[in-house]
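Asker: Going by the UniProt record's numbering, the sequence shown opens with residue 1, and the numbers climb by one from there.
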Amino acid sequence: MFWPTNTSLKRPRRLPLPPTPRHSSHSHRPRHGRAAARHGSGGGGPRLQLPREARRGGGHVRLIPVPPLSPRRRRRAPLLPPLHQRWPLPAPVRALLALEDPRSPSTPASYRILLSLLTCLALAALVSVPSVWSRLNAPYLCRKDGIRLRCPGVNERTSLWENPHAAATSWRPCAERRSDEISDLVSENETSGYIFIHAEGGLNQQRIAICNAVAIAKIMNATLILPVLKQDQIWKDQTKFEDIFDVDHFINYLKYDVRIVRDIPDWFTEKDELFTSIKRTVKNIPKYASAQFYVDNVLPRIKEKKIMSIKPFVDRLGYDNVPMKINRLRCRVNYHALKFLPGIEEMADKLATRMRNRTGNVNPYMALHLRFEKGMVGLSFCDFVGTRDEKAMMAEYRQKQWPRRFKNGSHLWPLALQKRKEGRCPLEPGEIGFILRAMGYTKETQIYVASGQVYGGSNRMAPLRNMFPNLVTKEDLASKDEIEHFKKHVTSLAALDFLVCLKSDVFVMTHGGNFAKLIIGFRRYMGRHRLKSIKPDKGLMSKFFGDPYMPWATFVEDVMITHQTRTGLPEATFPHYDLWENPLSHCMCRA
């Protein structure tokens with residue numbers, strides 16, 4: 001390398017600049033002046049370099065060629081300009097990144113624009129935070145989408161014995177009597193009068209009637225006389241209220257809500273009139289009547305006569321047309337005030353404990369409410385598998401019990417097919433066995449069967465018993481002496497089944513009715529939706545048996561998908577849907 005010499009006495013000779021090499025994609029504009037002298041020209045030609053004295057401004061210099069860069073050093077030379085030169089950034093951003101002088105004339109306006117954008121983004125975030133927070137903290141709630149139920153997804157493995165944990169932690173019971181609750185009960189002299197009702201039907205129908213009686217007594221500000229359990233026409237049972245329920249607990253728990261007396265007042269001497277006289281009876285109350293109907297039509301007669309009897313009293317109070325506090329009072333009666341006698345509760349606890357310890361270890365158990373008694377089969381007017389003799393006997397039974405509906409029986413066959421397709425027929429024991437096996441329950445599952453005498457006997461039960469050999473009833477779990485005490489009242493036996501089903505890990509119903517409806521509602525309320533209560537899709541069985549070519553794998557897939565949301569999960573109490581099966585909207589609060 002040759003360094004330039006100081007030629008202060010002689011005018012320097014100007015050397016011609018070498019041509020700028022042209023490269024394909026990495027060529028840049030030629031640099032001029034001091035920058036050109038400092039960086040030289042790109043490429044592999046000779047470079048021109050200023051001496052140190054010239055860069056400091058001293059004397060005249062002449063440029064001396066410098067050998068070109070070696071290929072190795074050339075690769076290290078920057079080929080692309082910085083990012084902020086290739087893609088120009090806004091002035092405020094460049095100022096923030098120290099790429100531009102913030103005192104530039106265009107900077108204040110750009111700052112205002114950037115500040116406005118940041119303000120808008122901050123406001124949008126502030127507005128959306130509550131919505132996002134509410135969604136993250138929303139309770140687990142399934143919603144109706146047509147005939148299907150859509151439930152939130154969970155990050156849990158599907159369990160055969162429990163609903164998702166999120167379903168059990170979102171809602172809590174809130175119909176109980178609170179210590180800080182203010183009573184609005186008026187004094188005895190200010191009540192409108194006394195009402196007396198006959199609770200008809202079986203145990204569960206009577207239970208609903210008692211809850212409704214307390215509710216209408218509250219609506220009309222009347223005193224309730226302890227209801228009479230009317231003799232059932234099928235069971236021929238003459239159980240009294242005190243034979244099955246704890247009267248003291250019932251009256252004391254509701255003493256701040258409704259005034260209840262054990263018997264008709266002594267000053268009323270015409271007691272027989274409450275059972276026989278039309279003058280003392282309110283009739284023709286429509287089904288699911290509103291609260292206003294009682295205020296307008298029943299209350300004036302009670303004020304006039306002071307004591308009135310109401311019958312019939314089956315489903316004589318609605319749900320959507322009743323104030324919220326009245327519906328909550330019905331839940332209070334059903335879930336807290338109506339308790340079975342201690343002897344019944346203790347025996348039910350023993351049966352449930354024995355179910356869990358049948359294998360020697362503590363194991364979960366399933367309760368199956370099998371509704372396939374002769375009366376239920378006949379009343380359904382559905383066709384079932386059986387011999388010609390069985391079908392002839394059933395036709396004779398139906399003609400005797402329901403002559404107007406039976407007529408000559410010719411119209412029943414198409415009607416029976418239609419009802420089965422719509423899922424309105426009771427499931428046979430074998431059919432419910434197929435569904436349970438498709439859902440994943442194994443042969444070792446312990447099943448408590450709550451039912452009357454199954455129509456068809458052991459032959460009808462054989463398919464279910466082959467799939468699930470561990471089928472037991474209360475007669476199998478209890479000794480003869482233990483069960484004999486409860487046979488005095490048929491209602492007591494029904495109460496045992498009710499409580500054992502209530503305490504089970506999984507409850508399965510095969511047909512509608514008050515028993516299954518109350519059990520599912522109890523398990524949703526007291527178990528906070530954690531306990532599974534399976535409501536089989538009966539129409540699915542007609543589809544399965546109607547298609548002989550459907551493979552088992554397809555049926556299993558259909559059963560699993562269909563029953564994901566039919567397990568007693570939280571869902572809003574939609575209109576025209578009674579609160580006995582789903583008490584969430586009226587009687588439960590967010591946890």
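By construction, the Cβ of each residue, glycine as well, lies at the ideal position given by its N, Cα and C atoms.
Candidates Gly-456, Ile-182 and Asp-248: which alpha carbon is nearest His-336's?
Answerer: If we check each option's Cα against that of His-336, Asp-248 comes out closest.
Asker: Tell me which same chain residues have a C-beta within less than 6 Å of the C-beta of Pro-583, skipping the five on either side of it?
Answerer: Cys-331, Gly-521 and Tyr-525, listed in sequence order.
Asker: For Val-61, which of helix, strand or coil comes out of DSSP?
Answerer: Reliability fails at Val-61, whose pLDDT of 49 lies under 50, so the model's placement of it is uncertain and the value that follows must be treated cautiously. Val-61 falls in the coil class under three-state DSSP.
Asker: Closest by CA to Val-479, which one among Phe-196, Lys-350, Gly-386 and Asn-357?
Answerer: A small correction: the amino acid at residue 479 is Ser; Val does not occupy that position in the sequence shown. Measuring from the Cα of Ser-479, the nearest candidate turns out to be Lys-350.
Asker: In this structure, what does DSSP give as the bridge partners for His-369?
Answerer: For His-369, which the question treats as bridged, DSSP gives the partners Ala-450 and Met-509.
Asker: Please classify Arg-398: does DSSP put it in a helix, a strand, or coil?
Answerer: Arg-398 falls in the helix class under three-state DSSP.
Asker: In this structure, how does DSSP classify Val-556 when only helix, strand and coil are distinguished?
Answerer: Here Val-556 sits in helix by DSSP.
Asker: If you count every other CB in all the chains shown that lies within 10 Å of the CB of Phe-544, and 16 or more means buried, which is it?
Answerer: Buried.
Asker: Put Tyr-441 into one of helix, strand or coil per three-state DSSP.
Answerer: Coil, per DSSP.
Asker: To the nearest whole angstrom, what separates the beta carbons of Ile-197 and Ile-310, a pair I think is in contact under 8 Å?
Answerer: Sure, about 5 Å apart at Cβ, within 8 Å.
Asker: What separation, rounded to the nearest whole angstrom, lies between the Cα atoms of Pro-342 and Glu-581?
Answerer: Each residue's alpha carbon lies about 25 Å from the other.
Asker: Leaving aside the five residues before and after Gly-318 along the sequence, list all residues of the same chain whose C-beta is less than 7 Å from its C-beta, in chain order.
Answerer: If we look at Gly-318 and ignore the five residues flanking it on each side, its Cβ neighbours are Tyr-288, Ala-289 and Ser-290.
Asker: DSSP on Ala-591, reduced to helix/strand/coil?
Answerer: Of the three classes helix, strand and coil, the one that applies to Ala-591 here is coil, per DSSP.
Asker: Name the residue from Asp-180, Arg-528, Asp-481 and Met-509 whose alpha carbon lies nearest to the alpha carbon of Met-347.
Answerer: The option with the nearest alpha carbon to Met-347 is Asp-481.
Asker: Threshold first: 4 residues or longer. Then list the alpha helix (DSSP H) segments lying entirely within the segment 279-320, N to C.
Answerer: Taking only runs of at least 4 residues, the alpha helix (DSSP H) segments lying wholly in the segment 279-320 are 299-305.
Asker: Based on the DSSP secondary-structure assignment, which residues constitute the bridge partners of Cys-142?
Answerer: DSSP, once it has assigned bridges, lists Glu-571 as partnering Cys-142.
Asker: What do you get for Ser-27, buried or exposed, if any count of 16 or more other CB atoms within 10 angstroms of its CB means buried?
Answerer: Reliability fails at Ser-27, whose pLDDT of 44 lies under 50, so the model's placement of it is uncertain and the value that follows must be treated cautiously. Its Cβ having fewer than 16 others within 10 Å, Ser-27 is exposed.
Asker: When you compare only the Cα positions, how much space is there between Asp-320 and Pro-575?
Answerer: Roughly 6 Å between the two C-alpha positions.
Asker: Ends of the beta strand (DSSP E) at Lys-532?
Answerer: Taken as a continuous stretch (DSSP letters only), the beta strand (DSSP E) holding Lys-532 covers 532-534.
Asker: Leaving aside the five residues before and after Cys-211 along the sequence, list all residues of the same chain whose C-beta is less than 6 Å from its C-beta, in chain order.
Answerer: Closer than 6 Å at the Cβ level, and outside the excluded window around Cys-211, lie Arg-330, Val-333 and Asn-334.
Asker: Does the separation of the CB atoms of residue 630 and Val-362 fall below 7 Å?
Answerer: What is shown of the chain runs 1 to 591, which leaves residue 630 out entirely.
Asker: With the cut-off set at 7 Å, would you say Glu-444 and Cys-142 are in Cβ contact?
Answerer: For Glu-444 and Cys-142, no; Cβs fall outside 7 Å.
Asker: Could you check if Ser-116 is buried or exposed, using at least 16 other CB atoms within 10 Å of its CB as the buried criterion?
Answerer: That one is exposed.
Asker: Helix, strand or coil: how does DSSP classify Trp-580 here?
Answerer: Trp-580: coil per DSSP, three-state reduction.
Asker: Can you tell me which of the three DSSP states Ala-199 falls into?
Answerer: In the structure shown, Ala-199 sits in a strand (DSSP, three-state: E or B).
Asker: Count the other CB atoms within 10 Å of the CB of Pro-120; is the residue buried (16 or more) or exposed (fewer)?
Answerer: Rather than Pro, the amino acid found at residue 120 in this sequence is Cys. Classification for Cys-120: exposed.
Asker: In or out: Ser-458 buried (at least 16 other Cβ within 10 Å) or exposed?
Answerer: By the neighbour-count rule (16 or more Cβ atoms within 10 Å), Ser-458 is not buried but exposed.
Asker: Which value, in whole angstroms, describes the spacing of the CA atoms of Leu-114 and Ala-122?
Answerer: Each residue's alpha carbon lies about 12 Å from the other.
Asker: Report yes or no: do the segment 525-537 and the segment 463-479 share at least 3 C-beta pairs separated by less than 8 Å?
Answerer: Short answer: they don't touch.
Asker: Where do the ends of the alpha helix (DSSP H) carrying Leu-338 lie?
Answerer: Looking at the DSSP string, Leu-338 is not in any alpha helix (DSSP H), and its letter there is neither H nor E.
Asker: Please report how far the alpha carbon of Asn-252 lies from the alpha carbon of Lys-419, in whole angstroms.
Answerer: Approximately 46 Å between the Cα atoms of the pair.
Asker: Would you decide whether Leu-464 is buried or exposed? Buried here means 16 or more other CB atoms lie within 10 Å of its CB.
Answerer: Flag for Leu-464 reads buried.
Asker: Can you name the start and end residues of the beta strand (DSSP E) that Arg-528 belongs to?
Answerer: First-last for Arg-528: undefined, no H or E at that position.
Asker: If you reduce the DSSP assignment to three classes, tell me which class Ala-37 lands in.
Answerer: Confidence is the limiting factor: at Ala-37 the pLDDT is only 41, short of 50, which leaves the residue's position unreliable, though a coordinate-based value still follows. Ala-37: helix per DSSP, three-state reduction.
Asker: For the beta strand (DSSP E) containing Trp-171, name the first residue and the last one.
Answerer: Where Trp-171 is concerned, the enclosing beta strand (DSSP E) stretches over 171-173.
Asker: Expressed to the nearest angstrom, what Euclidean distance is found between the alpha-carbon atoms of Asn-204 and Gly-513?
Answerer: Taking the straight line from one Cα to the other gives about 9 Å.
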